[in-house]
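Reviewing the structure listed below.
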Amino acid sequence: MMHFLAVYGLSLLGKTWQHIYISGISLGLGIIFAVPLGIALTRTKRTANIVISIASMLQTIPALALLAFMIPIFGIGVKPAIIALFIYSLLPILRNTYIGMNDVDPSLKDAAKGMGMTPWQSIIKVEVPLAAPVIMSGVRLSATYVIAWAALASYIGAGGLGDFIFNGLNLYRSDLILGGSIPVIILALVVDWLLGKVETALTPRTSEE
Amino acid sequence: MFLSMEHLNKTYPGGKVAVEDFNLEVEKGEFVCFIGTSGSGKTTTMRMINRMLQQTSGTIKINGQDISQMDPVKLRRKIGYVIQNIGLMPHMTIRQNITLVPRLLKWSQDKMDQRAKEMIKLVDLPEEFLDRYPSELSGGQQQRIGVVRALAADQDIILMDEPYGALDPITRESLQDLIKDLQERLGKTIIFVTHDMDEALTLATKIVVMDDGKIMQIASPDEILQHPANEFVENLIGKDRLIQARPSITTVGQVMLTNVASITPDKLLKEALKTMHDRRVDSLLVTDDGGTLKGYLDIEDIDYNFKTATSVGDVMHNDVFYVKSDSLVRDTVERILKRGFKNVPVVDSNNKLVGIVTRAALVDIVYDALWGDDDKKSDSEDTTAETAAADQGGDAK
Ligand SMILES: Nc1ncnc2c1ncn2[C@@H]1O[C@H](COP(=O)(O)OP(=O)(O)OP(=O)(O)O)[C@@H](O)[C@H]1O
Ligand SMILES: [Mg+2]
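If you're matching them up, the sequences are chains G and V in order.
In terms of this note's numbering, the first sequence opens at residue 1 and continues consecutively.
In terms of this note's numbering, the second sequence opens at residue 1001 and continues consecutively.
Rendered as structure tokens:
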């Protein structure tokens, strides 16, 4: 263990950073794209079903296959990896945003409109805050997926902790495999814990104390 | 006309005709109740007023201005709306809920804080509640907040859709008093949907009876009780209420006794005692020289204070319960009976003592109302007999 860290410590740090970077950007893009899309979909029920079906379908493509698809279009490296992971992050966020927004008590939406809120004000001040916990649990789920699958990104030359794992697989070196996988697991757990904190912070208070 | 609705029709997509040729004129300060069976189109009609729904045809005007020409968002901010399930925002404090519309109207924070305090006082809740969340209030308290939320931005028209349906009778009655008081004191115009005829009769200045999208009758509570337009309205009011409604035409002045034993405050207790003895009564009403009611004096007061006090003014009670001679017996009979007075002084519009209503007189009224000229053996006789018996029992106590 100490020996492993002594030899690979520095590159482990570098790869971990790459891993966080790739996953972070993919997830960030996923949120920026899927949350507004999910909200927009609640306004047009018919399109919603179609879009969510497409997103579900994308989700079923095996991760390696999706990464491989990226190569002819975007080449190799970080960019195609981010695009592929971004696609994976979409569905959980999209679906939870849609469900969360739809589950907001209709009488509250009615009250918001009846009080004279514009549709935009109703979304920002009433619907999104009330849907926030559901949306956030979608984000957490996506984060876990993205961090796990980011390990595969090394397959198309994006770097990250996957480099250790693939090297280990090629060289039959279990210390490299473990040295890559364990940080991935820790990273996933830590991020999930952090996002849990964010979720609590975003969940609107409904009582004092 | 303040609010006028002309030839309103509403057909829902799918062909359901919910409202048919609805016409209504409402003056400022009126309390209009929509009443009717479930599905008769009350909510639909109400929601067209704040453009939550778009009518299929017809016009709605406020102060002569066609609302379809107005910006719906601005219109809604000017019309208070109390929805059926209260709809308080669970993630906002009571303060934020109350000042929701003022915030949309971009009032200053100071003005909103002040308004929140005024509003919570208006509904008799402590100021500490402002920082609580709706889930920390009881149903009745939430409903009160729902009502003031619709008033906080000085809205002139308040729409209320069965606001008190889910409340227990006591809370309900106190909220009815509240809203009636607001309407009378602040001059709000209120459109109120209810299923409950008693509620409509106590609150409304104008009742709109609806059935299957059509207006059956528009009339004041008294008119509706005396002249129901058709059998539907009659059934909605119910036989019992129609019978009981008879006292509603009688005023207190018509049933009071005018020969009242009274005395002025400057008289000696000795004289008061003599008057009681001569008139064979155990209490006297006290008036000033001009005849204005000031209070009352009980035999017990004389008994206790005979040695220490000398004049009537020293021992009389100032807090006398009285009724006005032109008020309707219907409105007063319950109050008198509930408070258990043997008799109640009657004053005219200048607070001059003009007579007294005794419990015995009330028994006569109730008796006449129940049997009176109606000699037909109806099946309501059993219940009415019980009521009368119960009344006598109460009197004997
Ligand atoms: N969105 C809608 N689409 C189609 N029909 C509707 C819609 N809303 C209401 N209706 C129908 O229109 C009629 C009037 O409904 P409305 O809600 O105005 O009745 P209401 O008098 O308020 O009844 P309740 O006392 O039960 O609240 C009903 O027959 C109802 O089924
Ligand atoms: Mg209704």
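C-beta atoms are modelled at their ideal positions from N, C-alpha and C, and glycine is treated no differently.
Bridge-paired residues (DSSP) for residue i
i, result
"T1358/V", "N1343/V"
"K1206/V", "V1032/V"
"Q1065/V", "I1062/V"
"H1317/V", "Y1296/V"
"T1194/V", "I1035/V"
"D1161/V", "V1193/V"
"K1010/V", "V1019/V"
"Y1081/V", "L1159/V"
"K1324/V", "V1347/V"
"D1211/V", "K1214/V"
"M1005/V", "L1024/V, I1060/V"
"I1263/V", "V1286/V"
"S1311/V", "L1268/V"
Contact list for residue i against chain G, beta-carbon separation under 7 Å
i, result
"P1090/V", "T206"
"N1085/V", "S107"
"L1100/V", "M115"
Buried/exposed call for residue i, threshold 16 Cβ in 10 Å
i, result
"P173/G", "Residue identity differs from the one stated: residue 173/G is Arg in this sequence, not Pro. So R173/G counts as exposed."
"L1186/V", "exposed"
"T200/G", "exposed"
"S207/G", "exposed"
"E1128/V", "exposed"
"D1161/V", "buried"
"D1382/V", "Residue placement at D1382/V is poorly supported in this model, since its pLDDT is 42, which falls under 50; the coordinates still yield a value, given next. Exposed, because fewer than 16 other Cβ atoms sit within 10 Å of the Cβ of D1382/V."
"Q1392/V", "Since pLDDT at Q1392/V reaches only 41, below the 50 mark, its modelled position is unreliable, and no value is offered."
"R205/G", "exposed"
"Q1217/V", "buried"
"K1206/V", "buried"
"K197/G", "exposed"
"L195/G", "buried"
Contact under 8 Å by Cβ, residue i with residue j
i, j, result
"A34/G", "I93/G", "yes"
"V1101/V", "M57/G", "no"
"T1264/V", "L1353/V", "no"
"M1197/V", "L1167/V", "no"
"G160/G", "Q18/G", "yes"
"K15/G", "D163/G", "yes"
"I214/G", "I22/G", "Because residue 214/G is not part of the residues shown, which for chain G are 1 to 209, the question remains open."
"T1099/V", "M1112/V", "yes"
"P1134/V", "Q1142/V", "yes"
"I1094/V", "L1130/V", "yes"
"V1019/V", "T1044/V", "yes"
"V1252/V", "T1171/V", "no"
Proximal residues of chain B, C-beta to C-beta of residue i below 8 Å
i, result
"K113/G", "Note that chain B does not occur in the displayed structure, where the protein chains are G and V."
Interface partners of residue i on chain V, CB under 9 Å
i, result
"P133/G", "Ordered by position in chain V, no residue passes the 9 Å Cβ test against P133/G, which lies about 11 Å from the chain."
"V128/G", "Ordered by position in chain V, no residue passes the 9 Å Cβ test against V128/G, which lies about 10 Å from the chain."
Where residue i meets chain V, residues with beta-carbon distance less than 7 Å
i, result
"T212/G", "No information on residue 212/G is available, as it lies outside the stretch 1 to 209 that chain G covers here."
Closer than 8 Å at the beta carbon, the chain G residues around residue i
i, result
"Y1081/V", "A111, G114, M115"
"L1104/V", "M115, G116, M117, Q121"
Partner residues on chain G for residue i, Cβ-Cβ distance less than 9 Å
i, result
"Y1133/V", "R205, T206, S207, E208"
"E1162/V", "Result: empty, since nearest Cβ-Cβ is about 13 Å, beyond 9 Å."
"E1136/V", "T206, S207, E208"
Segment contact flag, the stretch 1333-1348 of chain V with the stretch 1310-1318 of chain V, C-beta cutoff 8 Å, min 3 pairs: no
At least 3 beta-carbon pairs within less than 8 Å: the stretch 148-163 of chain G vs the stretch 15-28 of chain G: yes
Stretch-stretch touch, CB-based, cutoff 8 Å, three pairs: the stretch 85-92 of chain G with the stretch 137-145 of chain G: yes
Given 8 Å, three or more beta-carbon pairs between the stretch 178-186 of chain G and the stretch 54-72 of chain G: no
Cβ contact (3+ pairs, closer than 8 Å) linking the stretch 1023-1035 of chain V and the stretch 1181-1196 of chain V: Flag = yes, the stretch 1023-1035 of chain V and the stretch 1181-1196 of chain V touch.
Cβ pair count under 8 Å reaching 3, the stretch 1222-1233 of chain V against the stretch 1060-1069 of chain V: no
The stretch 1072-1084 of chain V contacting the stretch 106-120 of chain G, beta-carbon criterion three pairs below 8 Å: The stretch 1072-1084 of chain V makes contact with the stretch 106-120 of chain G: 3 or more CB pairs, one atom from each, lie closer than 8 Å.
Given 8 Å, three or more beta-carbon pairs between the stretch 1200-1216 of chain V and the stretch 1039-1054 of chain V: yes
Inter-stretch contact (C-beta, 8 Å, three-pair minimum) for the stretch 1273-1283 of chain V and the stretch 1250-1262 of chain V: yes
At least three beta-carbon pairs within less than 8 Å, the stretch 62-74 of chain G to the stretch 101-108 of chain G: no
contact_flag[the stretch 1077-1093 of chain V, the stretch 1145-1164 of chain V] where n(CB pairs < 8 Å) is 3 or more: Counting Cβ pairs under 8 Å, three or more are found: they touch.
Stretch-stretch touch, CB-based, cutoff 8 Å, three pairs: the stretch 160-172 of chain G with the stretch 1049-1057 of chain V: no
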